[in-house]
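If you're matching them up, the sequences are chains A and B in order. Okay, so the first sequence: first residue is 1 according to my numbering, each after it adds one. Okay, so the second sequence: first residue is 356 according to my numbering, each after it adds one. Every residue, glycine too, gets a C-beta built ideally from N, C-alpha and C.
Protein chains: 2
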Amino acid sequence: MPRPQVPESQNQIDERTQLVLQEIVNSYIETTEPVGSRTLSKQLATPISPATIRNIMSDLAELGFLTQAHTSAGRIPTDKAFRYYVDSLAVADSLTEELQSSIQKLSAKGVSQVEELLSNTTKILAKLTQFACLVTAPKTAVSRLQRIEFIKVSTSKILVILVSKSGVVRNKFIEMTEKISQDFLNSISAFLNEQFRNRSFQEIRNQILESMVEDKERYDRLLAQAVRLGKKAFEVSDPPELYMDGHLNLLMSDAFGDRNDLRGLMSTFERKGQIMEVLDNTMQADGVRIYIGVENTHEGLRDCTLVTANYRNENNVLGTLGVIGPIHMDYQRIIPVVDYTSKILSQAITRHSYD
Amino acid sequence: MPRPQVPESQNQIDERTQLVLQEIVNSYIETTEPVGSRTLSKQLATPISPATIRNIMSDLAELGFLTQAHTSAGRIPTDKAFRYYVDSLAVADSLTEELQSSIQKLSAKGVSQVEELLSNTTKILAKLTQFACLVTAPKTAVSRLQRIEFIKVSTSKILVILVSKSGVVRNKFIEMTEKISQDFLNSISAFLNEQFRNRSFQEIRNQILESMVEDKERYDRLLAQAVRLGKKAFEVSDPPELYMDGHLNLLMSDAFGDRNDLRGLMSTFERKGQIMEVLDNTMQADGVRIYIGVENTHEGLRDCTLVTANYRNENNVLGTLGVIGPIHMDYQRIIPVVDYTSKILSQAITRHSYD
DNA sequence: ATTAGCACTTGCTCTCGTTGAGTGCTAACC
DNA sequence: GGTTAGCACTCAACGAGAGCAAGTGCTAAT
């Protein structure tokens, strides 16, 4: 999702015009009301008369930075204006101590599970931003194996436990027709642990599949069973895991005027798979990414802004977190929050890793 | 939450009046509009003139079954009317084949985890009812131990795996300061399995606590460690588990007119603990329970109806499921759906149990 | 006891001025 | 030539009033 490249010439606007645009966006972010020339004139530090501002506004409208609901209404910044604002005008606030310490709480005392860490992250983000917040679980494909165990829970059922380096535990039941003793299962897990420890799940999958096409005659019973169980254990059957919180904030906030707007958005949230896809698509990039309105490839998000950042351990990018809010969100506040949260989460999850 | 006991005399209303009341409620459920005497007269099978109906309505209003928004508006059934309707008038529809088979899908092919079963249940209920749907995870206190295992994942961290008879798997990390070998952990889990298999978590907790106050001199190292680890493993630190789906349906449906109504309701949903409590309180009773509007002890649900039923295996009630919808829901449809779902879930979860 | 008839109530909708914020243009100004 | 004051124009929002429709309550007749 590369940022739309606009010819420089088109956006070549002089300093004062820039100032006016900045102030319009600021004002709109603050009030969510169309902003008029008179009001703006008063707010502006440099005194410019309403008439002049009208001229400037007219220019900006022509360049596609402003629209108006009807001829006699004030101007509303377009998505393009917000993009411009975010790119060149906004100076990211440094976070207050208070915000910082709120965010640090995500890995507070006694958080022993990665799942809890991620869920805390969404909760804290939701609280601080008052928007919908998302965190993807560490990608299974790049996860590295820390430990695999098989536990026989009944004659035909085996519980598989997969622990990844990043601290994620996954449980899965396998049905077996033939009888296998717990001792034998232990041998198998010992073998698999020996063989695959520290390898990524993706690698393991591939290698197992390769093994299967090799000449089976060469296998002893242990190896054969290990391959069979391993295949089932590492199958990618798991639904994409996504932690989500605060989508009700959007409902509360009447930042989205129409109830129908909200409906569309909410049903997007219900399709977690789609949201996952959107987040995954942003994962290549680095740092905080911002997708404003029409810039969103996913149709359901065209009336929102998505702000995302990755989290990682020392070796790999593990997942993405993000917030979804109105296009007129307070970027100066939100961007650093997302940024800092991603860093704190990275730290926390690195501490949780086993090395 | 016992059903409010109303003196018989107050509700002693003759057959025709009953019929009118029934029809008013029916009509209101269908249209969500105040119902007037003229309209009702036409709908009624037995021909009664509008004027007579007005008299009857006047009586019903006096008895507290009907209200009206203003003098010249039609009548609206009160919560009391719905209670009367549900208790004595509604004949539960038998479920269509279609509905039955939809519900049976909750335990469709390849559902290997109880968690998935429960989550499927909320999804199916949400789809069929278009309301908010809830399922509580099997109560840990009454769960019986099937298997406990300890896996050492790093020098200081131990992963505990608790498998209950009902098929629920729970993971938990324990930090250990002193070093314990995996072999020793295996001995401990063997011991605990031997000792506590089939006992309820509550019993186990108690017994472990008892053991701790006993003379420690008598312990050998194994026993001492087993008690220590066991205590941590069975600690009730887990957040109450609640599966929820379809609360967005309520948002979509405009059955709740005001957006503020919805906000209150939604923030109730955000406090899962409160919802849990409400559901737990209903668990003593048997069969389908219905709490209409003011009958709800929890304030946030006073504008809703809650319909709940338990699910169970052969031995115990395991948890509760329920739907929350508008007071004017279609009871004839919803009640059998909840009832049947609870039965199918009971069956499915019984099949998942290990015996 | 039931019903027809009628006066009355009340919310809803439509229309039509009025108001006010805001624009666009033109002409004057520095 | 850029900036500003002034003025005519536009258009949503608000409010009052008329007409309408649905529904009630009461009274008198059946």
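Give the single residue among the options whose Cα lies nearest to the Cα of residue i.
i	options	result
residue 544 (chain B)	B:506, B:560, B:695	B:506
residue 659 (chain B)	B:681, B:598, B:441, B:500	B:681
residue 136 (chain A)	A:353, A:249, A:342	A:342
residue 603 (chain B)	B:622, B:666, B:562	B:622
residue 665 (chain B)	B:427, B:701, B:679	B:701
residue 202 (chain A)	A:139, A:213, A:290	A:139
residue 555 (chain B)	B:589, B:541, B:532, B:576	B:589
residue 599 (chain B)	B:627, B:513, B:536	B:627
residue 629 (chain B)	B:386, B:470, B:489	B:489
residue 417 (chain B)	B:631, B:399, B:403, B:372	B:372
residue 164 (chain A)	A:187, A:115, A:127	A:115
residue 175 (chain A)	B:541, B:467, B:671	B:467
residue 396 (chain B)	B:374, B:384, B:385, B:608	B:374
residue 576 (chain B)	B:385, B:611, B:539	B:539
residue 415 (chain B)	B:385, B:668, B:379	B:379
residue 671 (chain B)	B:638, B:486, B:411	B:638
residue 306 (chain A)	A:313, A:320, A:314	A:320
residue 542 (chain B)	B:515, B:532, B:578, B:568	B:578
residue 550 (chain B)	B:405, B:585, B:653	B:585
residue 514 (chain B)	B:561, B:587, B:651, B:568	B:587
residue 641 (chain B)	B:438, B:667, B:609	B:667
residue 236 (chain A)	A:206, A:225, A:58	A:206
residue 405 (chain B)	B:650, B:385, B:429	B:429
residue 82 (chain A)	A:290, A:71, A:118	A:290
residue 101 (chain A)	A:265, A:296, A:157, A:124	A:124
residue 504 (chain B)	B:473, B:548, B:512, B:474	B:548
residue 651 (chain B)	B:435, B:413, B:394, B:465	B:435
Is the distance from the Cβ of residue i to the Cβ of residue j below 8 Å?
i	j	result
residue 172 (chain A)	residue 155 (chain A)	no
residue 409 (chain B)	residue 392 (chain B)	yes
residue 517 (chain B)	residue 552 (chain B)	no
residue 168 (chain A)	residue 143 (chain A)	yes
residue 689 (chain B)	residue 387 (chain B)	no
residue 288 (chain A)	residue 330 (chain A)	no
residue 481 (chain B)	residue 601 (chain B)	yes
residue 103 (chain A)	residue 324 (chain A)	no
residue 708 (chain B)	residue 521 (chain B)	yes
residue 263 (chain A)	residue 606 (chain B)	yes
residue 487 (chain B)	residue 624 (chain B)	yes
residue 278 (chain A)	residue 99 (chain A)	no
residue 442 (chain B)	residue 687 (chain B)	no
residue 242 (chain A)	residue 276 (chain A)	yes
residue 308 (chain A)	residue 293 (chain A)	no
residue 298 (chain A)	residue 29 (chain A)	no
residue 422 (chain B)	residue 431 (chain B)	yes
If residue i sits next to residue j, beta carbons under 8 Å apart, how far is it from one beta carbon to the other, in whole angstroms?
i	j	result
residue 65 (chain A)	residue 52 (chain A)	Not a contact, Cβ separation roughly 17 Å.
residue 582 (chain B)	residue 559 (chain B)	The pair is not a contact, with the Cβ atoms about 11 Å apart (cut-off 8 Å).
residue 106 (chain A)	residue 121 (chain A)	5 Å
residue 502 (chain B)	residue 153 (chain A)	6 Å
residue 69 (chain A)	residue 34 (chain A)	7 Å
residue 21 (chain A)	residue 84 (chain A)	7 Å
Measuring only from the beta carbon, is residue i closer than 7 Å to any heavy atom that is part of the ligand NAD?
i	result
residue 121 (chain A)	In the structure on display, the ligand NAD does not appear, and there are no ligands present to speak of.
Can you give me the start and stop residues for the beta strand (DSSP E) that residue i sits inside?
i	result
residue 663 (chain B)	659-667
residue 489 (chain B)	487-491
I need the boundaries of the alpha helix (DSSP H) containing residue i, first residue and last residue.
i	result
residue 434 (chain B)	434-439
residue 349 (chain A)	331-352
residue 474 (chain B)	469-484
residue 654 (chain B)	It is not in any alpha helix (DSSP H) - residue 654 (chain B) carries neither H nor E in the DSSP assignment.
*Proximal residues, the stretch 467-487 of chain B versus chain A, C-beta separation under 8 Å*: Hits within the stretch, in order: 467, 468.
*Using a Cβ-Cβ cut-off of less than 8 Å, give me the residues of the stretch 489-511 of chain B that come near chain A, in sequence order.*
501, 502, 504, 506, 508, 509
*Compile a chain-ordered list of the residues in the stretch 594-611 of chain B whose CB is closer than 7 Å to at least one CB of chain A.*
603, 606, 607
*Residues, ordered as in the chain, of the stretch 255-289 of chain A that lie near chain B by beta-carbon distance below 9 Å*: 259, 262, 263, 266, 267, 269, 270
*Mind listing which residues of the stretch 171-203 of chain A have their C-beta closer than 8 Å to chain B's C-betas, in chain order?*
171, 172, 173, 174, 175
*Using a Cβ-Cβ cut-off of less than 9 Å, give me the residues of the stretch 371-385 of chain B that come near chain A, in sequence order.*
none
*Using a Cβ cut-off of 7 Å, which residues of the stretch 678-701 of chain B contact any Cβ in chain A, in chain order?*
none
*Just by C-beta distance, which residues in the stretch 438-466 of chain B are closer than 9 Å to chain A?*
465
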